[in-house]
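Undergrad:
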Amino acid sequence: MAPPPDNAALRAPFQGHVDDASDDAAIDDTDDVVDDEFADLARTLSAKRREEKEKGRENRIQEILPFPFAPNIRPLGISDLESVIALENAAFPDPNHRATPEKFKYRLTKCPELSLGIFCTVVPSLAKGFDIETFATAHTVETDRADQAKSVLLAHIVATASNSKTVQDSDMEIPSDWRTSRSKDVHKGHVEGGHTICLHSLAVSPKLQGCGLGKLAMKSFMQQMKGLGAERVALICQDYLVSYYERFGFKHAGKSEAGFGGGGWHDMVFDLPTALATSGPAQSSK
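Those letters in the sequence shown? Residues 1 to 286, per the UniProt record's numbering, in order.
(1) Spatial neighbours of ALA21 within its chain, please: C-beta separation below 7 Å, excluding the five flanking residues on both sides.
(2) For a test of the three-state rule: what should DSSP assign to PHE270, helix, strand or coil?
(3) With a threshold of 16 other CB atoms inside 10 Å of the CB of HIS266, please say whether the residue is buried or exposed.
(4) ASN163 and HIS195: beta carbons closer than 8 Å?
(5) Smallest Cα separation from THR166: which of ARG232, ASN96, PRO93?
(6) From GLY189 to ALA161, what does the alpha carbon distance come to, in whole angstroms?
(7) What do you reckon, are the CB atoms on HIS156 and LEU65 nearer than 8 Å?
(8) Starting from ILE85, trace the alpha helix (DSSP H) both ways and give me its first and last residue.
(9) Beta carbon of LEU153, beta carbon of SER220: below 8 Å?
(10) So the beta strand (DSSP E) ARG232 belongs to, where does it begin and stop?
(11) Residues in its own chain within less than 7 Å of ILE85 by CB, not counting five upstream and five downstream?
(12) Within 8 Å (strictly less), CB to CB, does THR180 reach chain B?
(13) Under the three-state reduction of DSSP, which class applies to ALA217: helix, strand or coil?
(14) Identify, in the order they occur along the chain, each residue of the same chain with its Cβ nearer than 6 Å to the Cβ of residue 367, setting aside the five sequence neighbours on each side.
(15) In whole angstroms, what separates the C-alpha of TYR106 from that of ILE118?
Quick look at the structure:
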C-alpha cells in the first residue's frame, strides 16, 4: 500500500501568539483529517484492485476463447431450449442436480422473462477447433450471412415465481397437465404474480468458469428482476457454495427443507429494494 499523504503542514505548531483562553478552547481535528485521507486512500486502492481483478477476468476469458468475446445478454426463449439443456448437462456432472428437459420446456414457455442467457457471436472459421458444449445447438445470427456466424450460449439463469419466501419442492415441480391446463390456481411450478423469484439454475460453461461469467449473469439478472418488481430472489445450494452466493449479497437462511436431488441444501435469499417491489413480476404476455 502506498504511504499516506504528507501531513506535516497540518501537524506543524502555530508560530504566532495566542492567549491561554484560546489554547484551552482550541480543538485539534487533524486526526480526523488524517483518518478521512486514509479512508479515501483505502477506497481508491480497493476500487483499483476491483478494476484490475475484473480486467484480469476479461483477459482470462479472451485468452481462452480463440474468437472475440462480445457478450450479448438477453432473456431466453423456447428456441434456446436445446442449448440450455446442453449447457445444464455440461455444468452439472451429477444428473440428480440438473433440471430435466421437460422442466426447462415448461419454464421457458410459461415465464421466459424470468430467465437470462449470455451469448457470444462465433464465426465458425475463427473458432479454430474450440469445442464448446452449446456450439452444435446454436442458431445462426442471420440465415443469409456469408460467414455463418452463430449466437452461442455461454451461461444461463432460469427461474420461476413463487409466493414462498424460500424455494420449496413444489416450486421446483411442474404441473403434470401444464401443456393443456389453463388454470392459474396451480400448486406446483410457476405462480403468476409471485413476489419471490426462485432461481433454479445458474450454469456456466465448464471451460469458462472462473472468468467472471457467473457474476456477470447474476448482476444482470438482479437488475432484470428489479425492473419486474420482484421482492426477493431465492435459491438453494450445497454447503460449499454458501460463501459464493454470499459474495453476491445473498443471505444464508439456514438449511433448506427441500428434498430435491437427495436434499442437503441450504436456503439463500436476496431481498430486493422494497421501493421497486410493488406488484410482483410482470405477467407473461402469453
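Backbone N, C-alpha and C fix where the C-beta goes; we use that ideal spot for every residue, glycine too. Bear in mind that the values here come from a model prediction, so they are computed numbers and not experimental data.
TA: If we stick to the structure as given:
(1) In the sequence shown, residue 21 corresponds to position 21, counting from 1. Model confidence at ALA21 stands at a pLDDT of 46, short of 50, so the residue's coordinates are unreliable; what they give is reported in the following sentence. Taken in chain order, the list of residues that qualify is empty.
(2) In the sequence shown, the residue the question calls residue 270 occupies position 270. The answer is strand: DSSP assigns PHE270 an E or B state.
(3) As a working note, residue 266 is residue 266 in the sequence shown. Buried.
(4) For the purposes of this step, residue 163 is identified with residue 163 of the sequence shown, where counting begins at 1. For the purposes of this step, residue 195 is identified with residue 195 of the sequence shown, where counting begins at 1. The Cβ atoms of ASN163 and HIS195 lie closer than 8 Å to each other.
(5) Locating residue 166 in the sequence shown gives position 166, counting from the first residue. Measuring from the Cα of THR166, the nearest candidate turns out to be ARG232.
(6) On the sequence shown, position 189 is the one that residue 189 refers to. On the sequence shown, position 161 is the one that residue 161 refers to. If you take the alpha carbons of GLY189 and ALA161, they lie about 8 Å apart.
(7) Counted from its first residue, the sequence shown places residue 156 at position 156. Counted from its first residue, the sequence shown places residue 65 at position 65. No, Cβ-Cβ distance for HIS156 and LEU65 is not below 8 Å.
(8) Translated into the one-based positions of the sequence shown, residue 85 becomes position 85. Start and end: 81 to 91.
(9) Position 153 of the sequence shown, counted from the start, is the residue given in the question as residue 153. Position 220 of the sequence shown, counted from the start, is the residue given in the question as residue 220. Cβ distance not < 8 Å, so LEU153 and SER220 don't count as in contact.
(10) On the sequence shown, residue 232 is found 232 positions in, with the first residue counted as 1. Its beta strand (DSSP E) spans residues 232 to 237.
(11) By one-based count along the sequence shown, residue 85 stands at place 85. These residues qualify, in order along the chain: PRO101, PHE104.
(12) This model lacks chain B altogether, as it is built from one protein chain only.
(13) If you number the sequence shown from 1, residue 217 lands on position 217. ALA217 falls in the helix class under three-state DSSP.
(14) Not covered by the structure: residue 367. The range shown for the chain is 1 to 286.
(15) Along the sequence shown, one-based indexing puts residue 106 at 106. Along the sequence shown, one-based indexing puts residue 118 at 118. Each residue's alpha carbon lies about 20 Å from the other.
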